[in-house]
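Down below is the structure, laid out as structure tokens.
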Amino acid sequence: MEILAHLASVQASTVLAVGIMIGLAALGAGLGLAIMSGKFLESAARQPELIPVLQVRMFITAGLIDAAFIITVAVALLLAFANPLASALLAEAAKLAG
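The sequence shown: position 18 = 18 (the UniProt record's numbering), numbered continuously.
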């Protein structure tokens, strides 16, 4: 029964960590895109002849910001569905029991 309590503790901590990871990554990506878009509009209003160059750079940077968010979501999903911490705990419990 002690193993089940430890497993429940690991799962609860994992759920909390996944929520924090996705929430902070979404917040960071949203703020980053908002600030970058605002600066792009300021630059475009100041120098309209540079819009094509700035637009390409803005889309490349937006892709990098979104890539960081998507990588964070992938790691969070890995922890949520294929939790290596729970697997290690169950393997250790099997060694002790067997």
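A virtual CB, placed ideally from N, CA and C, is assigned to each residue, including glycine. If you're wondering where the values come from, they're calculated on a predicted model, not measured in any experiment.
- Taking Leu27 as reference, the option from Lys95, Arg46, Val56, Phe69 with the minimal CA-CA separation is Phe69.
- The beta carbons of Ala86 and Leu7 sit about 6 Å from each other, so the pair counts as a contact at 8 Å.
- For Met36 and Leu77, the gap between their C-alpha atoms comes out near 28 Å.
- Nearest in C-alpha terms to Met21, of all of Thr72, Pro84, Leu90, is Thr72.
- The straight-line gap separating the alpha-carbon atoms of Pro84 and Ala67 is approximately 24 Å.
- For Ala88 and Gly23, the gap between their C-alpha atoms comes out near 27 Å.
- The DSSP assignment places complete alpha helix (DSSP H) segments of no fewer than 4 residues inside the stretch 22-81 at 51-81, in order along the chain.
- Rounded to whole angstroms, Met1 and Ala93 show a C-alpha spacing of 11 Å.
- Taking the Cα positions, Gln55 is about 51 Å away from Leu90.
- For the pair Pro52 and Ala25, the Cα-to-Cα distance works out to about 29 Å.
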